[in-house]
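Engineer: Protein chains in written order, with my numbering: chain Z, 1 to 125; chain F, 1 to 326. Submitted below is the structure of interest, expressed as structure tokens.
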Amino acid sequence: MERDDLIVNDSYALNAHHSEEEGAKIRRNTWKVTGILTLLTTVEVIMGIYFKRSEAFSWTMIKWTFIILTVVKAAYIVLVFMHLGDERSNLKKAVLAPYMLFIAYLLFIAITEGFGHLGNFNAFH
Amino acid sequence: MGGESTKVISNEVLWGGGQSPFSVSYGKMMMWYFLVSDALTFGGLLTAYGFVRASSTDPWPIGEQAFRSLPFVEGEYPLIYVALMTFILIVSSVTMVLAVEAGHRNDKREVIKWLGLTIIGGFFFLGSQAWEWSHYIHGSGGTFLLNEAVVVTSDDGQTFSLNKGDAVYMDHHFGHLAEPWIEGEPQVSLVESDHGVKLVEMGEHAHEVELHSLTLNKYINNESHVSGADAMKLWNARSESFSFGANMHVNEYASQQAYANFFFFITGFHGFHVFSGVVINIIIFIMAYRGVFERRKHYEMVEKIGLYWHFVDLVWVFVFTFFYLI
């Protein structure tokens, strides 16, 4: 079997070497993203300690803030740390499209079946 | 006879023409596909957690209240310990990015340095999780269930009408001494004292602990302390049902078992991923050290294990939000 972890031509992604200057630029960006991730986590922790749970409207808003901050953090990790942002768009789509389907499916299930426990749940037994 | 597989098609049209359709190697593409499927597994687990929690009729513990201790420090610090774990994982993710970057410059020394730091970060995280599990399993003070309805006034003046089966929490030291007493340990005895009741341990580690205050609504909203004669009313109404910490059958954190089981499964499954990641990191570290990648003239293996390591960090970001924050 032919091995594909050996460099056969220059166009291949394995040969993705970069110079010292480009490396310095990438490292600067890495530290910047580190700062952003740390800041977002700190905000989450302070909010988590400061706000108490209640049924009130504000708690719903805080919950959504947590979820949005989480998605932002996830986007930074996937696009910058995992370099998905630098890949070709067909790979990006192949990785991200299943989650669009997954989320659509979850929304559908939550909306159609999510109230089962409030109604005639016993009918299923 | 003859399906698609027997047709003669030139290699340039097929994917066998030496070109990678995604401009990544086979191994890296397969790592991405593995991560896609693994993320769906974790997505399924967290979704199940959400549905069970939403349909639970018993109170659900507040994540940060169930984890409020710090090692070597007295007192209560909700969320700080888990935040520390999150920070450790983010930092080890950063050192991994730097190892991959050094690999793109074929800089063996830097790859070894950053990969080594990543492994150390991984060990720190695993150690933190072991401590957290140990603390969760042993519990903070233990709880007993009431055998009859009681009405008590808490220290801050609220009146609580408690029913049979409601949980009352003991404070740290009393709970720990109560445990051997409940199990019929002859070294420990229960005696009347000026304030009400105290547990006395005889023998080598002789000491005694007074029942000062009991806690209601621990881990959920409106946590309150009850002391003095009201605490004695609760103590005298206790049933035989005591529990300490958590296992797969009972737990002191909630009247339902679902929360504890999800905690064990989701953080355990994630911890197992971290453990595998550390093992693979060590293998790649040894390969880099022995110059395998130098001879190959590229460090793509570091990039592939890097993808896996970042994924572990990514999952923790979601676990942190849905388990501890919300």
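For glycine and all other residues, C-beta sits at the position ideal for the given N, C-alpha and C.
For Thr112/Z, tell me which candidate among Phe51/F, Tyr299/F and Ile280/F has the shortest Cα-Cα distance.
Structural biologist: The residue with the shortest Cα to Cα distance from Thr112/Z is Phe51/F.
Engineer: For Ile26/Z, go through chain F and note every residue whose CB falls closer than 7 Å to its CB, in chain order.
Structural biologist: Neighbours of Ile26/Z on chain F, chain order: Glu101.
Engineer: What is the residue span of the beta strand (DSSP E) that Met82/Z lies within?
Structural biologist: Careful: Met82/Z lies outside any beta strand (DSSP E) and carries neither H nor E.
Engineer: For Asp313/F, does the three-state DSSP call read helix, strand or coil?
Structural biologist: If DSSP states are grouped into helix, strand and coil, Asp313/F belongs with the helices.
Engineer: Give the single residue among Asp156/F, Val197/F and Gly27/F whose Cα lies nearest to the Cα of Met170/F.
Structural biologist: When only C-alpha atoms are compared, the closest one is Val197/F.
Engineer: For Glu208/F, write down the residues that DSSP places opposite it in a beta bridge.
Structural biologist: Bridge partners of Glu208/F: Val200/F.
Engineer: Could you check where the beta strand (DSSP E) with His225/F kicks off and where it finishes?
Structural biologist: That run of the beta strand (DSSP E) goes Ser224 to Ser227.
Engineer: Taking a contact to mean a Cβ-Cβ separation below 8 Å, would you say Trp131/F touches Pro71/F in this structure?
Structural biologist: Their beta carbons are under 8 Å apart, which means Trp131/F touches Pro71/F by this criterion.
Engineer: Just the chain F side, please: which residues come within less than 8 Å of Phe102/Z by C-beta, in chain order?
Structural biologist: Going along chain F in sequence order, the residues near Phe102/Z (Cβ under 8 Å) are Leu40 and Gly43.
Engineer: With hydrogens ignored, establish whether the beta-carbon of Gly103/F is closer than 7 Å to any heavy atom of the ligand GDP.
Structural biologist: Looking at this structure, you won't find the ligand GDP or any other ligand, since it has none at all.
Engineer: Taking just the CA atoms, how far does Lys32/Z sit from Ser25/F?
Structural biologist: Distance between the alpha carbons of Ser25/F and Lys32/Z: 29 Å.
Engineer: How about Val73/F and Tyr324/F: are their beta carbons less than 8 Å apart?
Structural biologist: No.
Engineer: How many angstroms separate the CA atom of Gly142/F from the CA atom of Phe22/F?
Structural biologist: Answer to the nearest angstrom: the Cα atoms are 56 Å apart.
Engineer: Check each residue of the segment 90-116 of chain F: if its Cβ is closer than 7 Å to any Cβ of chain Z, include it; give the result in chain order.
Structural biologist: Under the 7 Å Cβ criterion, the segment 90-116 of chain F contributes Ile90, Ser93, Val94, Val97, Leu98, Glu101, His104, Arg105 and Asn106.
Engineer: Which of helix, strand or coil does DSSP assign to Val250/F?
Structural biologist: It is coil, neither helix nor strand.
Engineer: With 8 Å as the threshold, decide whether the Cβ of Asn221/F is near any Cβ in chain Z.
Structural biologist: For Asn221/F, the answer is yes, since a Cβ of chain Z falls inside 8 Å of its Cβ.
Engineer: Could you round the C-beta distance between Val111/F and Gly103/F to whole angstroms and report it? I think they count as a contact, below 8 Å.
Structural biologist: Yes, Val111/F and Gly103/F are in contact; Cβ-Cβ is about 5 Å, under 8 Å.
Engineer: Answer yes or no: do Phe34/F and Val278/F have a C-beta to C-beta separation smaller than 8 Å?
Structural biologist: No, they are not a contact pair.
Engineer: Which one or two residues does DSSP pair with Leu190/F in a beta bridge?
Structural biologist: Answer is Leu199/F.
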